[in-house]
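Reviewing the structure listed below.
2 protein chains.
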Amino acid sequence: MTLNKQDQKSFLSRGFNRRDLTKIAAMVAAGTTLPFYNEPALAQLSRVDNVPPDAVLINANENPLGPCESAREAVHNIVNSGGRYMYGETDKVVKLLSQQEQVKPDYIRIYPGSSAPLHQSVLAFASPTKPFVMADPGYEAGGRAAQFIGAKTIRVPLKADFSHDVKEMLKQGGPNAGLFYICNPNNPSGTLTPKADIEWLVENKPKGSVVVVDEAYTHISDAPFTTDLVAKDKDVVVLRTFSKIYGMAGLRAGAAIARPDLLDKLAGWSAGMLPITGMAAATASLSERNLVPERRKMIGQVREDTLEFLGKHKFSYVPSVSNCFMVDVKQPGNNIVTAMRKEKVYIGRVWPVWPNHVRVTVGTSEEMKKFQAAFLKVMA
Amino acid sequence: MTLNKQDQKSFLSRGFNRRDLTKIAAMVAAGTTLPFYNEPALAQLSRVDNVPPDAVLINANENPLGPCESAREAVHNIVNSGGRYMYGETDKVVKLLSQQEQVKPDYIRIYPGSSAPLHQSVLAFASPTKPFVMADPGYEAGGRAAQFIGAKTIRVPLKADFSHDVKEMLKQGGPNAGLFYICNPNNPSGTLTPKADIEWLVENKPKGSVVVVDEAYTHISDAPFTTDLVAKDKDVVVLRTFSKIYGMAGLRAGAAIARPDLLDKLAGWSAGMLPITGMAAATASLSERNLVPERRKMIGQVREDTLEFLGKHKFSYVPSVSNCFMVDVKQPGNNIVTAMRKEKVYIGRVWPVWPNHVRVTVGTSEEMKKFQAAFLKVMA
């Protein structure tokens with residue numbers, strides 16, 4: 008396969024040489040399961056359309072609880088100021104996060120979610136000669152960014168205990184690895200990687216490479232954070248989002264936490280002000296002392312009930328500690344995704360490496376009852 | 008001047024060679040008036056801090072009217088769904104814009120404002136060998152993106168009539184020009200460039216280059232849009248924002264309108280979902296038939312009153328048709344900016360090419376009365 012003239016020109020204009028183009032073309036040819044970068048729905052991995060109004064949406068790891076009460080209030084209160092940029096609203100988020108995470112304010116950069124800093128981490132630290140290393144199955148977004156810039160994505164299967172295989176990631180990444188991506192708990196498997204493994208990777212990775220720890224789901228588990236590694240000035244970028252436990256996917260707030268020189272390397276790739284609605288809601292959410300433990304407990308209870316149901320009916324599943332889990336449907340997963348939609352239950356997608364597993368998000372207790380009924384029906 | 012080791016490594020990792028580094032270092036050395044890309048406040052050109060609560064903020068081309076009533080309502084109504092990504096809210100904006108601009112839906116890509124697509128246009132179309140060409144004075148953000156990737160920014164003075172000097176831009180851009188940036192009306196001068204000049208540039212520019220027309224302020228003037236050039240499949244990217252006439256700077260919504268292959272070239276540089284608050288407010292705003300003409304009239308009236316005041320007091324100013332104007336203070340502009348702040352009136356910044364001019368945003372009638380009083384006092 009060769010790249011078309013336009014793509015060739017586009018890559019050449021970005022400073023890649025003709026030899027890179029051959030490499031890029033080969034990777035595009037090999038990347039059969041990922042859509043190419045110019046698909047309009049670039050970031051919309053979980054997008055579904057024409058959903059009936061009474062459907063159960065447990066496809067996108069959204070939090071059905073939505074923003075907490077004080078966050079909703081904060082949005083209502085700030086709307087009339089919507090004509091102003093209000094940078095100070097972002098500063099408030101930085102200040103609170105800085106106190107809570109015990110890192111200096113300049114170690115925190117706020118983004119409209121964590122997709123942007125993940126994408127920009129790949130643009131900053133990977134390149135055609137510096138591969139991007141991630142787990143398989145793993146959250147795909149970083150791989151798309153790598154594909155766009157012609158960086159190789161190395162996908163390393165999870166270990167038997169569903170943790171990241173950091174030793175194998177290091178080995179396969181080689182001496183030129185640019186970025187190691189660890190999502191903890193992992194999306195889609197909902198499983199943890201021991202902090203000691205992350206620390207081992209940070210200590211043993213090639214000089215100049217960076218470990219990005221995506222902590223989008225960490226609040227939902229009770230795993231330790233890795234912001235202490237950031238405070239110790241390690242080559243670590245921690246990603247946070249308010250989309251998950253804080254129920255703010257639609258409001259947009261998130262952060263990259265890292266040494267300022269690493270944050271600067273991301274910063275130049277993007278521009279734009281932040282939604283004051285998201286900022287005000289983030290500040291309100293961070294100010295709620297009990298929100299995280301309460302929601303962790305609620306989500307955990309529904310997850311445990313659902314996994315218990317699966318066990319009782321002899322379905323095998325991956326033991327998750329997050330707000331999603333993978334269940335083995337013993338047939339091409341997309342069959343079941345499609346069949347479930349007919350029951351108005353929208354479950355998540357299938358990862359090529361585990362073609363017989365589907366990802367299911369933990370919804371409300373009521374939603375999971377509907378999931379259970381539909382799942383029994385379609386699996387019968 | 009040389010780049011430090013870290014910056015060198017960063018550029019090298021992005022595919023630039025050592026010869027580029029020398030060039031980049033020279034440009035950094037020359038670009039004395041712009042902060043370098045790794046300043047945290049990258050996009051916050053108009054940022055002010057510690058502003059007294061009763062201050063008049065006419066520094067950032069914000070719209071003091073804020074979002075229209077139905078847009079505010081739309082935000083209130085969608086907050087409870089804040090836990091969901093709701094891609095459909097973005098589709099609604101695409102659909103309405105597509106109808107109103109008479110371009111196909113796939114010629115429209117929605118962004119959280121227009122800063123992001125401006126930045127990404129520069130990343131996509133400029134490079135160390137393909138300069139970025141803009142007016143002087145002009146909106147600086149594109150130049151920062153160019154600086155980040157080591158692309159040269161060519162600043163071409165406005166003509167005597169304060170329009171873009173498209174012939175000189177073409178000439179100075181040379182055969183390798185990557186991107187011509189035209190903000191119309193121009194920020195900060197508030198002055199128009201005839202559409203015929205833009206069309207001439209589009210027809211005569213080097214093959215492979217792109218003309219980006221920033222229409223952030225076009226609704227406020229009654230200048231024609233250039234979306235018809237997009238519909239004709241020209242190499243034109245039109246930028247729109249809801250920050251200005253729609254009063255949604257804090258809510259974040261904007262668009263790039265261009266041929267899909269051009270939009271695809273921007274798309275890979277960014278990722279992330281859009282704030283549903285901004286999307287819902289944008290849809291509501293676009294649905295208001297009379298909003299644009301009414302606000303154009305209101306803003307225009309206050310602007311004309313203010314310019315008349317300036318004329319009456321023999322101040323010279325640039326005749327603006329936008330929501331900002333430049334006034335000649337016959338001394339270093341920053342003296343006056345500082346003095347005005349003591350009067351609790353925050354006016355905009357100074358452009359190096361016109362060091363004796365300050366940019367003033369058109370606020371409410373009441374705010375401009377305070378501006379007038381303070382301005383007479385500090386200029387006395």
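Heads up: the protein sequence lines correspond to chains A and B, in order. If you're matching positions, the first sequence starts at 8 in our numbering and goes up one per residue. If you're matching positions, the second sequence starts at 8 in our numbering and goes up one per residue. Ideal Cβ positions, reconstructed from N, Cα and C, are used throughout, including at glycine.
Under a criterion of Cβ atoms nearer than 9 Å, the residues of chain B adjacent to A/SER88 are, in order, GLY73 and GLY257. Residue contact with chain A for B/PHE378: absent (no Cβ-Cβ distance below 8 Å to any residue of chain A).
Checking the DSSP bridge columns, you'll see B/GLY149 has no partner listed. Counted as a single uninterrupted DSSP element, the stretch harbouring A/ASP143 is not any alpha helix (DSSP H) but the beta strand (DSSP E) occupying residues 139-143.
The continuous alpha helix (DSSP H) containing A/TYR94 extends over residues 94-108. Pairing B/ARG348 with B/VAL367, the inter-Cα distance amounts to about 13 Å. In the DSSP assignment, B/MET333 falls outside any alpha helix (DSSP H) and lies within the beta strand (DSSP E) extending over 331-335. For the pair A/PRO124 and A/LEU246, the CB atoms are nearer than the 8 Å cut-off.
In the pairwise beta carbon analysis, the segment 259-270 of chain B is classified as not touching the segment 74-85 of chain B: fewer than three pairs are separated by under 8 Å. Annotated as distal: B/GLY180 and B/ILE205, with beta-carbon spacing of 8 Å or more.
With a threshold of 8 Å between beta carbons, B/ASN341 makes no contact with chain A. For A/THR233, no Cβ of chain B is located within less than 8 Å of the residue's own Cβ.
What A/GLU69 touches in chain B, judged by beta-carbon distance under 9 Å, is GLY90, ARG91 and TYR92, going in chain order. Closest in C-alpha terms to B/VAL299, from the list B/LEU72, B/VAL101 and B/GLY257, comes B/LEU72. The closest CA to that of B/GLY90, considering only A/VAL163, A/PHE332, A/LYS99 and A/LEU258, is found on A/LEU258. Taking the beta carbon of A/ARG79 as reference, the chain B residues within 8 Å of it are VAL86, ASN87 and GLY89, listed in sequence order.
Interface with chain A (8 Å Cβ-Cβ cutoff): B/PHE382 is excluded. Taking the Cα positions, B/ILE306 is about 54 Å away from A/GLY307. Distance check between B/VAL101 and each of B/MET93, B/PRO112 and B/LYS377 places B/PRO112 closest, using alpha-carbon atoms only. With three or more CB-CB distances shorter than 8 Å, the segment 214-222 of chain B counts as touching the segment 125-141 of chain B. Counting C-beta atoms within 10 angstroms of its own C-beta, B/PRO195 has 16 or more neighbours from the protein chains shown and is therefore classed as buried. Three or more Cβ pairs closer than 8 Å define a contact, and the segment 54-74 of chain A meets that threshold against the segment 362-379 of chain A. Neighbours of B/SER122 in chain A, taken as residues whose beta carbon is under 7 Å from its own, are ALA278, GLY279 and MET280 in chain order.
Rounded to the nearest angstrom, the gap between the Cα atoms of B/TYR94 and A/TYR353 is 15 Å. If you look at B/PRO164, you'll find it in the beta strand (DSSP E) that goes 160-164. No Cβ-Cβ contact shorter than 8 Å links B/ILE264 with B/ILE227. Taking all protein chains in view, the Cβ of B/GLU373 is surrounded by fewer than 16 other Cβ atoms within 10 Å, so the residue is classified as exposed.
For B/LEU125, the enclosing alpha helix (DSSP H) has its first and last residue at 122-132. With respect to chain A, the C-beta atom of B/ARG54 has a partner C-beta closer than 8 Å. Classified as buried, A/GLY340 has 16 or more neighbouring CB atoms from the shown chains inside 10 Å of its CB. When C-beta distances to chain A are compared with 9 Å, the residues of the segment 127-160 of chain B below that value are GLN127, LEU130, ALA131, PHE132, ALA133, SER134, PRO135, THR136, LYS137, ALA148, ARG151, ALA152, GLN154, PHE155, ILE156 and GLY157, in chain order.
Under the three-state reduction of DSSP, B/THR248 is assigned to strand.
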